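To start, the structure itself, in structure tokens.
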Amino acid sequence: MTDMVSTQKKNVVHHVVSWLLRNHIWVFLALTMAVFSFASPYFLTLNNIGNILTQGAFIGILAIGMTMVMIDGEIDLSVGAILALASALAIGLQDHMGTWPAVFLGLMSGAALGFVNGSLVALSGMHSFIVTLGGLIGIRGIVFVYTGENALMVQDFSYTEIPEIYIGPLSLTAMLFFALALFFQWVLTSTRHGRETYAVGDNIEAAHDAGINVKRHKIINFTICGTMAAVCGILLSMRLGTAEPNAGKIWELWTIIAVVLGGIRLTGGFGSMWMTIGGVLTLAVLRNGLRLLNTPNYVELMVMGAVLVLALSLDKLLNHQEDGR
Amino acid sequence: MNFDLNAMLRRHGLVLAFLVFLVGVALNTDAFLTPGNILDVLRQVSITGMMALGVTFVVLTGRLDLSVGSMLTLLTVIVVDQHNISGPFPAIVMTLIAGLAIGAFNGLLIGFVRLNALIVTLAMLSFLQGLVLFYSGGSNVNVQNAQSTWFAVFGRGNFLGIPVPVILFLLGAVVAGLVLQFTTFGRRVYGVGGNETASIFSGIDARWTVFWTYVISGFTTAIAAVIMGSRVMGAQNTIGQGYELTVLAGVILGGTSMLGGSGSIWRTVIGISMLGFIQNGLLLLGFPYYVQWLVTWAVIIIAVWIDLGAKRGRIFA
Amino acid sequence: MSDMVLEVRGITKTFPGVKALDNVSFDIRAGEVHALVGENGAGKSTLMKVLAGLHRADGGEIIYQGQPTEVSGPLDARKKGILLIHQELSLAPELSAAENIYLGAWPTNRFGVLKKRELRRNAKSALEALNCGFGPDVRVGTLSVAMQQMVEIARAEAFSANVVIFDEPTASLTDNEKTQLFHTIRGLKERGVGIVYISHKMDEIFDITDRITVLRDGQVQGTVETAESDLNQITRMMIGRTLDAYFVKAEANFGEEVLRVDGLGKQGLFKDVSFTVREGEVLGLYGLVGAGRSEVVETVFGVRKADSGRLFWKGGEIKLPSPRESIDMGMALVPESRKEQGLVLMMGGRENTSLPHLSLFSDVSVMNRTKELAVFEKYRSALSIKTTGPDQALSQLSGGNQQKFVLAKWLCADPKLIILDEPTRGIDVGSKSAIHELIADLAHQGLAVIVISSEMPEVLGVSHRVLAMSEGAVVAEFEGDAMTEENLIDAVSHHRKGIAAE
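Chains as they are written, first to last, in the numbering used here: chain D, 123 to 447; chain P, 30 to 346; chain R, 377 to 878.
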């Protein structure tokens, strides 16, 4: 009897330890939060937590799409530019067709560009790094041409009130982030498409041999990634009331940082939305906490760089990853 | 005959398409293929070109360097600031040393600790941006005696009617090309990029080879920073933002493979100049400035796709 | 007799330069284990890939359950009930056992949502039928190789396979795991599944199989009942007397000791390995795949690290070298995998030849092209390599010509010791005998030579002395008249039996 209890305990401990080994970002997140709550009395207030969640949600929504693509073993560098285009279209088209059709077209632009990225990767066999690097440059070009190099201002200011819905400290943007993350976690674990994602990223030969349509599969994930970028762009346009042609510049890098920090590997086949949420929140907490402490903003950038290399080394150490490139 | 044409298109299709573009633009504008305009374009590409020379070494080993943009910013801030404090010569020396040091640090993490190059250089991008703000305190720096310093020669000078930055770029290209094609080090770079395991079995120390490519990348970026500082006579905190992508686009456009082992300096020179001429040609044809970015997108996709398609013998994967 | 499940008639498959399968016919009955044996390059794996739909045959037909059948791909094969269990497993480590069993064929509703309960239940019964000892929910990446293999075998249950093809299934299994695997195979057999069993390991073949078909040079040498056959018969059928069986052995004229290895060991790979090799001597290193031969020589050369052991070079003790130091001392290693370890395939012959000796081909770090070309031309004619020029990418050459460049790159610096790891694997007969002659010639010139091979006639034909390796240990040494196939087989198989008995 006691034996059983102790083995059960062991099992629980074992499970917790192995979960933490895979999701070490949450340990790190807890540590970071502990440090900041000691350092600043304001940090653990409801208000500030709400701020962190809202601030983190933008990169977070991008990170959801990036996670899907990265588990496939691919990457999407064009999310920042897609975000800018969606935000510009959502504001720019409002005068011609009304708010919601404009928002819808903004969303569609993201889906379409994601589809283009995915099709180019799947059909040409080029590395997604190259395809989306091209996309990053080209789509940003479209944004500048469309906006005429100026920031577009919203005419109807009720537009900026759309995301002003709160449940406690949770803003609509933050709620959307969590809802989407949970939805895609469900997709990853419980649908055919989700399981295909791991199979393709893990062992593409086996996936192909098992009759999975790898090309169609990748196109779908890039389309999801593009759509997420558009969602992020539209939320940003609502929050700011303007669409800057430079909006989202180098956000693709922040997104990759968040996802990799979470423990997702560039080699593919590994990861979950839990890791991504962990990475996104850690990034947001770090940025917020450092600002609360009134550290100059260069500290934030330097800490991020250091933390990223640290996370990578830790992952290599813990999981004995042989990853020369 | 048909086969010859095919082989020719495969090998030089990109260059041919580019020549067609040049002729097309030249027929529609008067100013395009004049020596003055050509030198202008070359002057514009000299900074990204100089950086691309070093990045080519890195890409040839099958790795990446995304930190060169931030590095350019930092080093430009350093060269300008130090110019004010201790004069041009010490400023240049310090900049070159800083470039070598940052490259060495990248090389250490990627070559010896064997961490993923994309993430390490991404982290470095962020870190160096922080370092820029730390160093400059957030404000822009300007060369105080801009009118009287000989430092101006690197970005603004002419030698025999040719802009000095163009001379530096072409000189750098020749040196880099010679190193890659004719030295034992160049051979090691191609070896490691082509097949790292086989190179190790051939007694090549892949760790050192990778390390040195990052040092070279840091060094060429330092030279680019000197040119940049001299041309602008100042430095903003974002002066090099996005340069890493332009540089990479040029290297890829030239046809150097991201998987390593195939490519060359002259290809990079072609690729990066093509970007410059496309930009210039489109402007002369009267297109809005940012249309060139769209065209760059299309050109990268088409160029790499053709290259890949030719190698595998069919268009679709 | 019992009914045929699968019959292969007159299958032919040609690759550029090699006829891999030449009019091959054989059949599999329901409820039998049918061994497919032959030396490396005999055509076993090609045949298996044709059956599993990975290759398409040039001619001949496959009769499956009485019907002529086209197998269009691996998924098609799996659906029809033909399952290949490959040496490299086709699993996704992040997915659960259940999901891997039904990889790509998961039960879903029409919106693509997994029917997890059904998936789990079906997988569970498949795993239970095999007595696996783990549940359907376990992540495959956390399982041992043996258990991962069980996941693949469970596919046979799940898809009610009629034919299961095992390709070297015991290559990375311990003896206990092997016993378990054989138990499973017997279970499949009892349920009427036809099993093809491909292996190098003769003791296993006599243990588990009912019939044996021997392949040699892409042709069937015959099919025998296992019970009515013995090791000698099979070995003779496998080896036969082919064109390249005329080996040239260098005259025994030995000089000073070049290399002495004393007690070399590495945890989990090999232990207490000692040997010497002298000038003008060809030392053979025989052992089955996985015996640790390649690991030993790679450690001596410096590509791997050792835990223990001493090295003596020309009588003086040296510390374990780096590859660079080995090369500079005069050691050369022609590695096992030409494509992965031997050559930079996108480079030409000229650059590959000089790669290990860049300092010899350069003046103050500048490559000397004239020297490179001279050496390239010298070896091109000396080894009669067929290539269009010094810069033709080696990926465009045949295996034999590629291998000659591997030799050229090591010979051009006049080594004192050359180690050849499976130097004739996967190359055509003509190139093979050229390489055998070369080995004799090198020994005649006074080089010390170590030849590793799993082809017994080769190792016996070219060597003056043979070491037999098994399970990471040197188990016997033969010289002169004692160098016979029987002795070698005895040494290796006795050792394995000894280990199994422990």
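In this text, a Cβ means the ideal position worked out from N, Cα and C, and glycines have one as well. Since the structure is predicted, the reported quantities are computational estimates derived from the model, not experimental observations.
- DSSP places residue 821 of chain R in no alpha helix (DSSP H); its state is neither H nor E.
- Secondary structure at residue 335 of chain D: coil, using DSSP grouped into helix, strand and coil.
- Interface residue (Cβ-Cβ distance to chain R less than 7 Å): residue 165 of chain D is not classified as such.
- Proximity to residue 682 of chain R across R/639, R/437, R/595, R/655 peaks at R/639, based on C-alpha coordinates.
- Taking a cut-off of 8 Å for Cβ pairs, the stretch 255-274 of chain D and the stretch 200-208 of chain D touch, as three or more such pairs fall below it.
- Bridge pairing for residue 853 of chain R: R/843 [DSSP].
- Per DSSP, the unbroken beta strand (DSSP E) holding residue 596 of chain R starts and ends at 595-601.
- Closest in C-alpha terms to residue 824 of chain R, from the list R/658, R/729, R/705, comes R/658.
- For residue 685 of chain R, no alpha helix (DSSP H) run applies; the uninterrupted beta strand (DSSP E) run containing it begins and ends at 684-689, by DSSP.
- When secondary structure is reduced to three states using DSSP, residue 306 of chain P falls in the helix class.
- For residue 323 of chain D, there is no enclosing beta strand (DSSP E); the residue is found in the alpha helix (DSSP H) stretching over 314-324.
- For residue 213 of chain P, the uninterrupted alpha helix (DSSP H) run begins and ends at 213-223, by DSSP.
- Cβ neighbours of residue 415 of chain R within its own chain (closer than 8 Å, five residues either side excluded): 592, 614, 615, 830, 831.
- The residue from P/118, P/124, P/87 with its alpha-carbon nearest to that of residue 104 of chain P is P/124.
- Listed along chain P, the residues sitting closer than 9 Å to residue 419 of chain D by beta-carbon distance are 159, 162, 167.
- Taking C-beta separations shorter than 6 Å and ignoring five residues to either side along the sequence, the partners of residue 672 of chain R in its chain run 646, 649, following chain order.
- When the Cα atoms are used, residue 669 of chain R and residue 661 of chain R turn out to be separated by approximately 7 Å.
- For the 7 Å CB-CB criterion, residue 172 of chain D and residue 285 of chain D do not form a contact.
- In the three-state DSSP reduction, residue 152 of chain D falls in the helix class (H, G or I).
- Straight through space, the alpha carbons of residue 258 of chain P and residue 786 of chain R are spaced by roughly 50 Å.
- What residue 243 of chain P touches in chain D, judged by beta-carbon distance under 9 Å, is nothing: the nearest beta carbon there is about 13 Å away.
- For residue 382 of chain D, at least one C-beta of chain P is nearer than 7 Å to its own C-beta.
- At a cut-off of 7 Å between beta carbons, residue 317 of chain P contacts chain D.
- Here residue 325 of chain D is buried: its Cβ has 16 or more other Cβ atoms, across all protein chains shown, within 10 Å.
- Secondary-structure assignment with DSSP links residue 192 of chain P through a beta bridge to P/187.
- In this structure, DSSP gives residue 58 of chain P a state outside helix and strand, which the three-state scheme calls coil.
- Boundaries of the alpha helix (DSSP H) around residue 112 of chain P: 97-115.
- Shown here for residue 656 of chain R: same chain residues with a beta carbon closer than 6 Å to its own, the five before and five after excluded, namely 629, 630, 631, 819, 822 in chain order.
- With contact defined as three or more Cβ pairs closer than 8 Å, the stretch 710-717 of chain R and the stretch 792-803 of chain R are in contact.
- Setting aside the 5 residues that flank it on each side, residue 309 of chain D is surrounded in the same chain by 316, each with a C-beta closer than 6 Å to its C-beta; the list follows chain order.
- Closest in alpha carbon position to residue 353 of chain D, among D/275, D/226, D/289, D/216, is D/226.
- Within the stretch 115-170 of chain P, the runs of alpha helix (DSSP H) that reach at least 4 residues and sit entirely inside it are, in chain order, 117-136, 146-165.
- Looking at the backbone, the Cα of residue 303 of chain D and that of residue 95 of chain P are separated by about 29 Å.
- Sequence-ordered contacts of the stretch 128-162 of chain D with chain R are nonexistent [C-beta pairs closer than 7 Å].
- Spatial neighbours of residue 179 of chain P in its own chain (CB-CB distance under 7 Å, excluding positions within 5 residues in sequence) are listed in chain order as 117.
- Here residue 742 of chain R is not near residue 86 of chain P, since their CB atoms are 7 Å or more apart.
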